[in-house]
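Novice: I am attaching a structure below and will ask some questions about it afterwards.
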Amino acid sequence: MTAHSPTDRGDVEPSAVDLVRADGTAGALWQAWTTGERLAALPELLRPRTLAEGFAAQRRLSERAGPSYGWKLAATATAGQAHIGVDAPLPGILFERFRHAPGDVVPSDDLHMAVAEAEFAFRLGADVDAGASRAQLRAAVAAVHCAVELPESRFDDFVAVGAPSLLADAACAGRFVLGPEIDGALDLDLAATPTSLQVDDEIATGSGAAVLGDPWTALGWLADALPQYGPGLAAGALVTTGTTTTPVRTRPGARIRAAFGAGGALGTVEFTLAGQPA
Numbered sequence: 001m002t003a004h005s006p007t008d009r010g011d012v013e014p015s016a017v018d019l020v021r022a023d024g025t026a027g028a029l030w031q032a033w034t035t036g037e038r039l040a041a042l043p044e045l046l047r048p049r050t051l052a053e054g055f056a057a058q059r060r061l062s063e064r065a066g067p068s069y070g071w072k073l074a075a076t077a078t079a080g081q082a083h084i085g086v087d088a089p090l091p092g093i094l095f096e097r098f099r100h101a102p103g104d105v106v107p108s109d110d111l112h113m114a115v116a117e118a119e120f121a122f123r124l125g126a127d128v129d130a131g132a133s134r135a136q137l138r139a140a141v142a143a144v145h146c147a148v149e150l151p152e153s154r155f156d157d158f159v160a161v162g163a164p165s166l167l168a169d170a171a172c173a174g175r176f177v178l179g180p181e182i183d184g185a186l187d188l189d190l191a192a193t194p195t196s197l198q199v200d201d202e203i204a205t206g207s208g209a210a211v212l213g214d215p216w217t218a219l220g221w222l223a224d225a226l227p228q229y230g231p232g233l234a235a236g237a238l239v240t241t242g243t244t245t246t247p248v249r250t251r252p253g254a255r256i257r258a259a260f261g262a263g264g265a266l267g268t269v270e271f272t273l274a275g276q277p278a
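Quick note on this note's numbering: the sequence shown kicks off at 1 and runs consecutively.
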């Protein structure tokens, strides 16, 4: 399996017993989501053994977490894949409960991973089928946005738990700030587009090439991967494609600024993290 191929869904379709097990997995994760508890690992009987089982649990988790509006991709950079021990991206659901806008004061007390990521996000105007060509992908995209993700894991050591458990936990879905639409983005070379991410005085730079070589490649990967698990990539969805720079550490009260294009010519995303709770 390569980073550009769909993930393996396992040997057989999930049985009724598998689905009950997935619901138990989701329940254990949901308790951690709602209490702030950090898990060393899921109980062995609830621990997903394959990516298919992990995704089934993620879908059950979504029934508890509330409305969603799209997808995130974790581990679209080679370094990120090596860091968590996977060889392909992991798709996760974006939940409205974690959605924010530029200028917001974003809660920080639940940011265990404590990093920020500057990302390109696609808003789809049409469904995208598996195997879509680059031209078909472009035709389906209504807009490209600047964005910042604050990923989060309910696991104490997310590096060690393995891809199926991370997938069950919505692929480290956390808080997300959707920035402005990039004018003329469909005609840009996103792979060559520079980006920067600043958290207080610390700055990281990169480009769209960090995302599987090109954010468009990441979008195509997701379109190919999702139908293996059930849902397809549908019109109206937002897809954020992964970090374009080395993730930058955050802290309560930090000011965050992501810039896209030279000097932020294509757009910026700015917001502040809330200070320590009283």
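Even glycine gets a Cβ: it sits at the ideal position worked out from N, Cα and C.
From a predicted model like this one, the values you see are computed outputs, not experimental measurements.
What residue ranges within the region 68-92 form continuous alpha helix (DSSP H) runs of no fewer than 4 residues, ordered along the chain?
Specialist: Entirely contained in the region 68-92, the alpha helix (DSSP H) runs reaching 4 residues are, in chain order, 78-84.
Novice: What's the gap between the Cα of E63 and the Cα of K72?
Specialist: Each residue's alpha carbon lies about 17 Å from the other.
Novice: Whose C-alpha, out of A235, M113, A170 and T244, is nearest the C-alpha of F55?
Specialist: F55 has its Cα closest to that of A170, out of A235, M113, A170 and T244.
Novice: In whole angstroms, give me the CA-to-CA distance for A209 and L222.
Specialist: Each residue's alpha carbon lies about 17 Å from the other.
Novice: Among residues of its own chain, excluding the 5 on either side of P180, which ones have a beta-carbon nearer than 7 Å to its beta-carbon?
Specialist: Once the five neighbours on either side are set aside, the close Cβ partners of P180 are H145, C146 and G267.
Novice: For V20, name the three-state secondary structure that DSSP assigns.
Specialist: Reduced to three states, the DSSP call for V20 is helix.
Novice: Any heavy atom of the ligand MG closer than 7 Å to the CB of L219?
Specialist: This structure lacks the ligand MG; in fact it carries no ligand of any kind.
Novice: Out of H112, G220 and D18, which one is the CA nearest neighbour of A140?
Specialist: If we check each option's Cα against that of A140, G220 comes out closest.
Novice: For V115, which of R255, A259, A274 and T250 has the nearest alpha-carbon?
Specialist: With distances taken between Cα atoms, V115 lies closest to T250.
Novice: Counting pairs of beta carbons, one from the region 254-270 and one from the region 194-210, are three or more of them closer than 8 Å?
Specialist: Because the criterion of three Cβ pairs below 8 Å is met, the region 254-270 and the region 194-210 touch.
Novice: Are the CB atoms of F176 and F98 nearer to each other than 8 Å?
Specialist: For F176 and F98, yes; Cβs fall inside 8 Å.
Novice: Taking the alpha helix (DSSP H) that P164 falls in, what are its first and last residues?
Specialist: A163 to A168 is the extent of the alpha helix (DSSP H) around P164.
Novice: Locate the alpha helix (DSSP H) running through G54, then write down its first and last residues.
Specialist: Note, G54: alpha helix (DSSP H), L51 to A65.
Novice: Nearest chain D C-beta to A170 closer than 8 Å, yes or no?
Specialist: Absent from the structure is chain D; it holds one protein chain and no more.
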